[in-house]
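J.: If you scroll down you'll find the structure; I have some questions about it.
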Amino acid sequence: MERILSRTKKIIFQKQRDILSSAIIISAMIVLSRVFGLIRYRTLATYFTKEELDIFFASFRLPDFVFEMLITGALSAAFIPIIIKYKKNPETLHKNVSSIINLIMISLFIVMAITFIAAEPIMRIITPGFSDAQLKNVIVLSRILIISQLPFLVLGNIVSGIAQANRMFMVTAIAPVVYNIGIILGAIFLSDHFWIYGPAIGVVIGAFLFFFVQFPVIYFLKFDYQINRFDRSTIKEFITLFIPRTLSVLTNQIDLTIDLTLATLLGPGSYTIFFFSQHLQLFPVSFVGMAFGQASLPYVSRLYKDNKLAAIRRLFVDSILQLFYISVPLAFFFIFARTPIVRIVFGGRKFDWIGTNLTAFTLSVFALSIPAHTIFYFITRSFYATHDTKTPFFINFFTVFINITLSYLFIFVFKWPVWALALSFSVAITINVIILMIAFYYKIGGYSLTKLFKNTIKIYLTAFLASLAPYFMLKVLDELIIDTARTINVFILLSAVFALFGICYLFFSWLFTVEEVYILGKLFSKIRELKRQIEEVSSEPG
10 MERILSRTKK
20 IIFQKQRDIL
30 SSAIIISAMI
40 VLSRVFGLIR
50 YRTLATYFTK
60 EELDIFFASF
70 RLPDFVFEML
80 ITGALSAAFI
90 PIIIKYKKNP
100 ETLHKNVSSI
110 INLIMISLFI
120 VMAITFIAAE
130 PIMRIITPGF
140 SDAQLKNVIV
150 LSRILIISQL
160 PFLVLGNIVS
170 GIAQANRMFM
180 VTAIAPVVYN
190 IGIILGAIFL
200 SDHFWIYGPA
210 IGVVIGAFLF
220 FFVQFPVIYF
230 LKFDYQINRF
240 DRSTIKEFIT
250 LFIPRTLSVL
260 TNQIDLTIDL
270 TLATLLGPGS
280 YTIFFFSQHL
290 QLFPVSFVGM
300 AFGQASLPYV
310 SRLYKDNKLA
320 AIRRLFVDSI
330 LQLFYISVPL
340 AFFFIFARTP
350 IVRIVFGGRK
360 FDWIGTNLTA
370 FTLSVFALSI
380 PAHTIFYFIT
390 RSFYATHDTK
400 TPFFINFFTV
410 FINITLSYLF
420 IFVFKWPVWA
430 LALSFSVAIT
440 INVIILMIAF
450 YYKIGGYSLT
460 KLFKNTIKIY
470 LTAFLASLAP
480 YFMLKVLDEL
490 IIDTARTINV
500 FILLSAVFAL
510 FGICYLFFSW
520 LFTVEEVYIL
530 GKLFSKIREL
540 KRQIEEVSSE
550 PG
């Protein structure tokens, strides 16, 4: 037993040595986390109608706003780079990190108090389409999440930042899984007695577990937390990096809040449809884009610190093409197989056919932006690795303005339904990524545009041709052969279509000599030679 515990501890707290192994670990665990997330949504769709879920999902808007403002910018743009910077001096590192933690926690409790008191007027403003009964429940749920969920999530993400800076990705990827399990159990066992408050109680339990499972990282790394430490120079350095990124997060959060506001005006259940389709689109984006972006930050930071620009140029283009090779076919699949996908994921007994169709179409519109959204995280973290948080902020601010403008145009002028919000997002994120790539091109002194454009076109062509046969197969099986009234048959249909699509994609990749197919094969088989090649990229002179 002692040997098993020792080996388990070694696996969980093992430090990853290169970007490939880091990305594989993060991708695998994010897939697991997202699978549990989708199970969570299906569970909610089983116990609650889409109109009831409007209340539940809307109640997260205020606490999520606070969380994203304090943590998202702090971790990626400031916290991790500062840890890496002072890593070789443990005494200074512990002093500086303690100062940052103390600043974040004091700020958190101040903001928690303000938002708890102001929850009612804020929610009245941002949910104008809700009835008085809906609004009352949203306010109560929001306050529960603010005081009970937020502290554990913030502390858990601080520990995650410390672990990621030390290339310990396994333990930080397990935490979201237990968070989702808490919500699932709350919905299953507490909904009958506490209605929509059942899963909310599960959220609080999940948040505690999210922090609890990561807490051993502090002891494993021998981190010396100093509760009374406030080093002015460190706090100043942190704020300098933190504010531009926080302003960028602010624009995104305002954008999401406006999406909520507009969705509530489109009728009951509209926000749930938008929310479900948006998060289903985030499934491939998460395990491909977020994982790679998260894993790349320490490595690109190291290359930039060593002034190895040639290595960054090569890594940048190769990484984008690898991300495209995985994300582009997923986008095509989410478009032509949208309805069975939604039925598998959200086909609970209380999620009606109208909701299924609207969610499926909204998902297909979101899917248009999956490739751009996937590489967005890698590119922005490449900027952060070069200590540049201002450029992504200004670009993000501009494209959020585009998103908001298009949303108002589509909803109030064209009178389009909820999928219009997905269309405005897809247009905006694509423009965002194009401008980011142009800016990074000039920042690092250029990269191979010829290779990037040529291979991208080949990948899109390959994915399009590969989708034709599976699409017709889907139509024939669905309408003539398989009775898709049963969930198991929908699963069989989707599995068969996906398998054919994968085979066709690999065949056309070979036919058109798409070089990324070989990289993908090596990625999943973990061949040592590929690791050696990536390590060579990291060690070649800049």
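Residue 10 is where the sequence shown starts when you use my numbering, and the numbers rise one by one after that. Backbone N, C-alpha and C fix where the C-beta goes; we use that ideal spot for every residue, glycine too.
Give every residue of the same chain whose Cβ lies closer than 8 Å to the Cβ of residue 496, excluding the five residues on either side of it in the sequence, and list them in chain order.
T.: Cβ within range, chain order: 352, 353, 356.
J.: Could you give the DSSP three-state label for residue 158: helix, strand or coil?
T.: Three-state DSSP puts residue 158 in coil, outside helix and strand.
J.: Inspect the beta-carbon positions of residue 371 and residue 431 and report whether they are closer than 7 Å.
T.: Cβ atoms of residue 371 and residue 431: closer than 7 Å.
J.: Measure the C-alpha to C-alpha separation of residue 580 and residue 377 and round it to an integer number of angstroms.
T.: Given a span of 10 to 551 for the chain in the structure shown, any question on residue 580 remains unanswerable.
J.: DSSP on residue 220, reduced to helix/strand/coil?
T.: Looking at residue 220 - three-state DSSP - the assignment turns out to be helix.
J.: Going straight from the alpha carbon of residue 500 to that of residue 61, what length do you get?
T.: Taking the straight line joining both Cα atoms gives about 27 Å.
J.: Can the beta-carbon of residue 200 be found closer than 7 Å to that of residue 68?
T.: In this structure, residue 68 does not lie closer than 7 Å to residue 200 by Cβ.
J.: If the criterion is Cβ atoms closer than 7 Å, does the pair residue 331 and residue 525 meet it?
T.: Yes; because the gap between Cβ atoms is below 7 Å, this pair is in contact.
J.: Between which residues of its own chain and residue 460 is the CB-CB distance below 7 Å, once the five residues before and five after are set aside?
T.: Excluding sequence neighbours, residue 460 sits near 326.
J.: For the candidate residues 273, 107, 518, 412, whose alpha-carbon lies nearest to that of residue 70?
T.: Considering only alpha carbons, the answer is 273.
J.: Figure out for me which residue from 105, 154, 191 has the closest Cα to the Cα of residue 236.
T.: Comparing Cα-Cα distances from residue 236 to each of 105, 154, 191, the minimum goes to 105.
J.: Do you know whose CA, among 474, 449, 223, lies nearest residue 398's CA?
T.: Answer by Cα proximity: 449.
J.: If you follow the alpha helix (DSSP H) that residue 396 is in, where does it begin and where does it stop?
T.: Here residue 396 belongs to no alpha helix (DSSP H), and DSSP marks it neither H nor E.
J.: For residue 374, which residues of its own chain have a beta-carbon under 7 Å away from its beta-carbon, when the five flanking residues on both sides are left out?
T.: These residues qualify, in order along the chain: 428, 431, 432, 435.
J.: By Cβ distance, which residues of its chain are closer than 8 Å to residue 125, with the 5 residues on each side in sequence left out?
T.: Contacts found: 152, 155, 156.
J.: For residue 98, count neighbouring Cβ atoms within 10 angstroms of its own Cβ and tell me buried if that reaches 16, exposed if not.
T.: Classification of residue 98: exposed, given that the 10 Å Cβ count is below 16.
J.: Just to confirm my understanding: we take residue 203, look at its own chain, exclude 5 residues before and 5 after, and list those with CB closer than 7 Å. What are they?
T.: Contacts found: 210.
J.: Determine the direct distance from the alpha carbon of residue 40 to that of residue 361, and round the result to whole angstroms.
T.: Near 27 Å, if we compare the C-alpha coordinates of residue 40 and residue 361.
J.: With respect to the alpha helix (DSSP H) encompassing residue 477, which residues constitute its N-terminal and C-terminal limits?
T.: 458-485 is the extent of the alpha helix (DSSP H) around residue 477.
J.: Does the distance from the CB of residue 238 to the CB of residue 108 come in under 7 Å?
T.: The answer is yes: Cβ separation under 7 Å.
J.: Tell me where the alpha helix (DSSP H) around residue 322 begins and ends.
T.: It spans 318-345 - the alpha helix (DSSP H) in which residue 322 sits, taken as one unbroken run.
J.: Buried or exposed for residue 316, please, with buried defined as at least 16 other CB atoms from any protein chain shown within 10 angstroms of its CB.
T.: Exposed, because fewer than 16 other Cβ atoms sit within 10 Å of the Cβ of residue 316.
J.: Rounding to the nearest angstrom, what Cα-Cα distance links residue 506 and residue 482 in this structure?
T.: Each residue's alpha carbon lies about 7 Å from the other.
J.: Grab me the residues of residue 335's own chain with a C-beta within less than 6 Å of its C-beta, minus the 5 sequence neighbours each way, in chain order.
T.: The residues are 297.
J.: Can you name, in chain order, every residue of its own chain whose Cβ lies under 7 Å from the Cβ of residue 80, other than the five neighbours on each side?
T.: These residues qualify, in order along the chain: 163, 166.
J.: Please report the Cβ distance between residue 557 and residue 48, rounded to the nearest whole angstrom; I am assuming they are in contact, meaning their Cβ atoms lie under 8 Å.
T.: Since the first residue shown for the chain is 10 and the last is 551, residue 557 is missing from the structure and cannot be characterised.
J.: In chain order, what residues of the same chain have a beta carbon less than 7 Å from the beta carbon of residue 382, not counting five sequence neighbours either side?
T.: The answer, listed in chain order, is 294, 298, 438.
J.: Who are the Cβ neighbours of residue 442 in its own chain at under 7 Å, not counting the five residues just before and after it?
T.: Closer than 7 Å at the Cβ level, and outside the excluded window around residue 442, lie 381, 384, 385, 388.
J.: Less than 7 Å between CB atoms is the rule here; does residue 126 satisfy it with respect to chain B?
T.: The structure shown contains no chain B; it holds only a single protein chain.
J.: Look at the Cβ atom of residue 63, then the Cβ atom of residue 281, and state whether they are nearer than 7 Å.
T.: Cβ atoms of residue 63 and residue 281: closer than 7 Å.
J.: Cα-Cα, which of 413, 518, 90, 403 is closest to residue 466?
T.: When each option's Cα is compared against that of residue 466, the closest is 518.
J.: Apply the 10 Å Cβ neighbour rule to residue 455 and answer buried if 16 or more other Cβ atoms are within range, or exposed otherwise.
T.: Exposed is the call here.
J.: Taking the Cβ atom as the reference point for each residue, do residue 416 and residue 289 lie within a distance shorter than 7 Å?
T.: Contact flag unset, no.
J.: Indicate the three-state DSSP secondary structure (helix, strand or coil) for residue 236 in the structure shown.
T.: DSSP places residue 236 in coil when its eight states are reduced to three.
J.: Nearest to residue 286 by alpha carbon, out of 136, 367, 224, 250?
T.: Ranking 136, 367, 224, 250 by Cα distance to residue 286 puts 367 first.
J.: Please report the Cβ distance between residue 45 and residue 186, rounded to the nearest whole angstrom; I am assuming they are in contact, meaning their Cβ atoms lie under 8 Å.
T.: Rounded, the Cβ-Cβ distance is 5 Å, consistent with contact.
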